[in-house]
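Using the working numbering, read the sequence shown as starting at 378 and increasing by one per residue.
For glycine and all other residues, C-beta sits at the position ideal for the given N, C-alpha and C.
Just below is one structure, and these are the notes that go with it.
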Amino acid sequence: MSYKAEYIWIDGTEPTAKLRSKTRVLKDGAELPTWGFDGSSTNQAGGHSSDRVLKPVFTCPDPIRGGDNVLVLCEVLNPDMSPHSSNTRALLTEVAERFADQESWFGIEQEYTFFQDGRPLGFPIGGFPAPQGGYYCGVGADEVFGRDVVEKHLDLCLAAGLEISGINAEVMPGQWEFQVGPLGPVEAGDHMWIARWLLYRVAEDFGIAATLDAKPVKGDWNGAGAHTNFSTKAMRESYEPIITACEALAEKAMEHVQNYGHGIEDRLTGHHETAPWNKFSYGVSDRGASVRIPWQVEIERKGYIEDRRPNANVDPYVVTRLMVDTCCSALEKAGQV
Ligand code: ADP
Ligand code: MN
Ligand code: MN
Ligand code: MN
């Protein structure tokens, strides 16, 4: 007998990478081999030397095909087995190993928007729905659009064994969120990329497209973010390291914002529960700050912080690398590990 392995990888599309996948049929018991693809069709190679290598790095059950079939997340390598320049996971694993002793955890809130017939699901033809207000965590056919897809996606993530911690309807019609984590920096990225692939894949069966566009509708409509909740062992035990992490993020504010996803200036305007992209701030319970310290964290004097800046279209491997690098090195320097 044979089984099907869906090899999934992140391409080189600019400014925001896309997911690609193809199927390999394998004999039962056969190990997952490295594989190849045409990098000239994914902006990862020129036409004259187009072969790129797929190296399996994370595998889970394929909840769509079922049976013994699997999903296989891959890193992209050059033919000499060095990481391809688009391979942000390889950069992350290096940093994650360097600070592994600090035991970083991430919980990422992935917001996204469904589109059908060129407009957000729930938007009437040629116009706009009622203004924002009733849609967030709403119920009823006049408030909520696409719940059958969202429920199916959650079930698929759970069947795949992904660490998904919740879902909710968002502020704009057709806009939703799922949360992944808490997980280590590499695992959070792996689970997020597979959860994104499952989202696109299941929506396809409903004739709906999911987009991670950070500002899918201009004007008085919320953008889509990927709030990133972060803690280290020291932060989970006391309050001082939480402030150290916030201050470290303040010092590197621009480096982070520039790598938090395409179109971030359009989303972080200072309106719609955001802080302006060029003005860093942190505060307790403050949804208008760049970084929020949840209220119970201040009361309990320990816990985690929420970086509210990353766009929905951010590369999770980039955001976890930057946060570990910035915060863990500051904690180390302060002797707070
Ligand atoms: P919000 O109130 O901002 O909407 P959510 O409930 O959507 O928050 O998401 C919070 C996320 O933070 C979840 O994914 C959760 O697993 C994660 N989380 C909780 N505790 C920690 C922690 N100590 N470190 C990192 N992430 C955490
Ligand atoms: Mn949330
Ligand atoms: Mn949200
Ligand atoms: Mn949040």
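> Is histidine 649 near ligand 2, going by C-beta to nearest heavy atom under 7 Å?
Replying inline: no
> Got a sec? Which residues, its chain only, sit under 6 Å from phenylalanine 435 by beta carbon, not counting five neighbours each side?
Replying inline: Leu450, Asp567
> Do you know how far the Cα of phenylalanine 555 is from the Cα of isoleucine 544?
Replying inline: 4 Å
> Taking the alpha-carbon positions, what's the leucine 498 to alanine 477 distance?
Replying inline: 42 Å
> Would you say glycine 389 and serine 463 are within 8 Å of each other, going by their C-beta atoms?
Replying inline: yes
>> When you measure from the CB of glutamate 709 to every non-hydrogen atom of ligand 3, does any distance come out below 7 Å?
In response: no
> Under the three-state reduction of DSSP, which class applies to glutamate 642: helix, strand or coil?
Replying inline: helix
> Given that a residue counts as buried once 16 or more other Cβ atoms are within 10 Å of its Cβ, and exposed if not, what is serine 615?
Replying inline: exposed
> Do three or more CB pairs link the region 592 to 605 to the region 483 to 492 at distances below 8 Å?
Replying inline: yes
>> Quick check on alanine 627: does DSSP put it in helix, strand or coil?
In response: helix
> So which of Asn655, His648, Met458 has the shortest CA-CA distance to glycine 664?
Replying inline: A small correction: the amino acid at residue 664 is arginine; glycine does not occupy that position in the sequence shown. When each option's Cα is compared against that of arginine 664, the closest is His648.
>> Tell me whether histidine 530, by its Cβ, gets closer than 7 Å to a heavy atom of ligand 2.
In response: no
> Counting Cβ pairs closer than 8 Å, one from the region 563 to 581 and one from the region 687 to 696, do we hit at least three?
Replying inline: yes
>> One question on the structure: do serine 662 and tryptophan 672 come within less than 8 Å of each other, judged by their Cβ atoms?
In response: yes
> In terms of alpha-carbon separation, which member of Glu520, Phe505, Trp553 lies closest to tyrosine 512?
Replying inline: Glu520
>> Can you look up serine 417 in the DSSP assignment and give me helix, strand or coil?
In response: helix
> Under the criterion of a Cβ to heavy atom distance below 7 Å, does histidine 604 qualify as lining ligand 4?
Replying inline: yes
>> With the cut-off set at 8 Å, would you say aspartate 590 and alanine 394 are in Cβ contact?
In response: no
> Got a sec: does ligand 3 put a non-hydrogen atom nearer than 7 Å to the Cβ of glutamate 486?
Replying inline: yes
> Closer than 7 Å: is that where the CB of tyrosine 694 sits relative to any heavy atom of ligand 1?
Replying inline: no
>> I'd like the list of long-range same chain contacts for cysteine 437, defined as Cβ closer than 6 Å, with 5 residues on each side in sequence excluded.
In response: Leu448, Ala537, Gly538
>> ligand 1 and glutamate 683: does any heavy atom of the ligand fall closer than 7 Å to the residue's C-beta?
In response: yes
> Looking at the structure shown, is isoleucine 485 part of a helix, part of a strand, or coil, going by DSSP?
Replying inline: strand
> In chain order, what residues of the same chain have a beta carbon less than 6 Å from the beta carbon of serine 427, not counting five sequence neighbours either side?
Replying inline: Asp415, Gly416, Ser417
> In whole angstroms, what separates the C-alpha of isoleucine 441 from that of leucine 708?
Replying inline: 43 Å
> Excluding five sequence neighbours on each side, which residues of the same chain lie with their C-beta closer than 7 Å to the C-beta of alanine 546?
Replying inline: Tyr512, Tyr513, Cys514, Gly515, Val521, Trp553
>> Quick check on this structure: which residue in Cys534, Gln509, Glu632, Ser542 has the alpha carbon closest to the alpha carbon of tryptophan 598?
In response: Gln509
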